[in-house]
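K.L.:
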């Protein structure tokens with residue numbers, strides 16, 4: 009907790025003076041009570057020590073709470089909210105035809121995606137990005153579950169794997185009014201110049217936020233290989249991190265690589281798990297490794313992407329004032345009830 013006006017805390021020094029003054033008054037009352045003890049009715053019962061202590065303690069709490077409120081305390085509160093948008097980025101490279109996950113990796117991914125869509129709140133917009141050598145938003149964020157299911161069913165394999173492009177296209181789908189630069193590269197990894205034939209001013213650059221701070225959107229990226237095309241995945245992850253978007257990565261396969269059959273042809277597919285972990289770490293997401301169809305479904309079922317935690321600085325002086333007022337009223341009521349006086 010921090011205070012906007014910490015100088016007001018010096019007023020706490022007055023509290024001990026008030027306590028000392030109250031003790032002096034109580035002692036004076038006690039002396040008077042002893043002097044006129046014979047005048048009291050025989051039936052008059054002396055209040056218990058607990059009753060005597062409760063109202064003063066409530067007044068003391070009120071005084072301290074009011075001083076703290078004057079100092080304008082600010083607390084960091086963790087708020088939980090629902091994300092508005094979730095982007096599913098699914099690898100459709102040729103290796104996703106491999107049958108080590110029944111009936112195939114792609115079919116297993118489609119099944120997991122359908123189950124994930126069904127499990128989300130109806131108010132959550134979901135978008136679908138398919139990526140191989142390039143990335144394409146085949147379904148922009150929508151709450152229409154029928155459209156989403158059809159988009160997942162339309163997935164077909166193509167050559168190449170552009171993980172970086174998938175992230176950038178996913179960001180663009182989540183924030184269509186912002187400009188996320190997608191750099192194309194040649195075989196040597198050098199940027200390829202593109203003609204800009206768009207009309208009007210370019211979209212504004214992305215809003216900068218701390219990693220993981222964006223509560224409205226998240227990306228779930230599934231792949232079984234390593235990047236062969238498009239921009240560097242780590243650079244794309246840094247763009248996502250600077251926008252505050254969390255990326256949850258799901259890998260299929262192993263890092264040493266597996267020999268899988270695609271259309272009757274054997275090929276070795278390596279999973280770049282180190283890059284996937286780095287993407288998740290940079291964006292404050294999480295990384296998962298799927299070993300079979302059931303495991304993949306469990307991973308998607310366990311994703312908590314629709315819940316977002318946000319830490320927000322909130323001034324709580326009003327709560328302290330309310331607590332002080334309630335304590336003062338309670339102390340006065342008890343004092344009147346037990347002792348026929350307010351103080």
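Residue numbers (the numbering used here): 9 to 351. Yeah, the Cβ is synthetic: ideal placement off N, Cα and C, and Gly gets one too.
#1: Is residue 79 near residue 14, with beta carbons less than 7 Å apart?
#2: In three-state DSSP terms, what is residue 153?
#3: Comparing alpha-carbon positions, which option in 326, 141 and 182 lies nearest residue 240?
#4: Beta-carbon separation of residue 242 and residue 286 under 7 Å?
#5: Compute the Euclidean distance between the alpha carbons of residue 129 and residue 249, then round it to the nearest angstrom.
#6: My output table needs one value for residue 145: the three-state DSSP class, helix, strand or coil.
#7: I need the DSSP call for residue 343, collapsed to helix, strand or coil.
#8: In the DSSP output, which residue or residues are listed as bridge partners for residue 295?
#9: Three or more C-beta pairs closer than 8 Å, one from the stretch 226 to 236 and one from the stretch 273 to 282: is that the case here?
#10: Give me the DSSP bridge partner(s) of residue 38.
#11: Under a three-way DSSP split, which group does residue 205 fall into?
#12: Hey, could you find the ends of the beta strand (DSSP E) residue 138 is sitting in?
#13: I'd like to check one pair, residue 125 with residue 138: are the Cβ atoms closer than 7 Å?
#14: Give the straight-line distance between the Cα atoms of residue 11 and residue 76, rounded to the nearest whole angstrom.
#15: Which word fits residue 81, buried or exposed, when buried means at least 16 other C-beta atoms lie within 10 angstroms of its C-beta?
#16: Could I get the ranges of all uninterrupted alpha helix (DSSP H) runs contained in the stretch 55 to 116, with 4 residues as the minimum, in chain order?
#17: Can you give me the start and stop residues for the beta strand (DSSP E) that residue 230 sits inside?
#18: Distance, Cα to Cα, residue 135 vs residue 295?
#19: Roughly how many whole angstroms lie between the Cα atoms of residue 27 and residue 35?
#20: Pick out whichever of 114, 339, 345 and 237 has its Cα sitting closest to the Cα of residue 102.
#21: Please determine, among 348, 306 and 257, the residue with the shortest C-alpha to C-alpha distance to residue 283.
#22: With distance defined between alpha-carbon atoms, name the residue in 323, 342, 229 and 305 nearest to residue 293.
#23: Taking the alpha-carbon of residue 212 as reference, which of 220, 186, 219 and 223 has the nearest alpha-carbon?
#24: Using the C-alpha atoms, what's the distance from residue 170 back to residue 106?
#25: Among the residues of its own chain, which have a CB less than 7 Å from the CB of residue 331, if the five just before and after it don't count?
#26: Report the rounded CA-to-CA distance for residue 104 versus residue 221, giving the unit in angstroms.
#27: Rank 116, 180 and 225 by C-alpha distance to the C-alpha of residue 99 and give the top, closest one.
#28: What's the C-alpha gap between residue 297 and residue 149?
P.N.:
According to the structure shown:
#1: yes
#2: helix
#3: Nearest option by C-alpha distance: 141.
#4: Pairing residue 242 with residue 286 gives a Cβ-Cβ distance under 7 Å.
#5: 25 Å
#6: strand
#7: helix
#8: 257
#9: At 8 Å Cβ cutoff, the stretches touch.
#10: Bridge partners of residue 38: none, in fact.
#11: For residue 205, the predicted model reports a pLDDT of 48, less than 50, meaning its position is unreliable; a value from the coordinates is still stated below. It is coil, neither helix nor strand.
#12: 133 to 139
#13: It is not a contact, given that the beta carbons lie outside the stated cut-off.
#14: 9 Å
#15: buried
#16: Counting only runs of at least 4 residues, the stretch 55 to 116 fully encloses the following alpha helix (DSSP H) elements, listed from N- to C-terminal order: 57 to 78.
#17: 225 to 231
#18: Cα atoms of residue 135 and residue 295: separation of roughly 20 Å, rounded to the nearest angstrom.
#19: Rounded to the nearest angstrom, the gap between the Cα atoms of residue 27 and residue 35 is 12 Å.
#20: 114
#21: Check the Cα spacing between residue 283 and each of 348, 306 and 257: the tightest is with 257.
#22: 229
#23: 186
#24: The C-alpha of residue 170 is placed about 19 Å away from the C-alpha of residue 106.
#25: Excluding sequence neighbours, residue 331 sits near 73.
#26: 33 Å
#27: 116
#28: 26 Å
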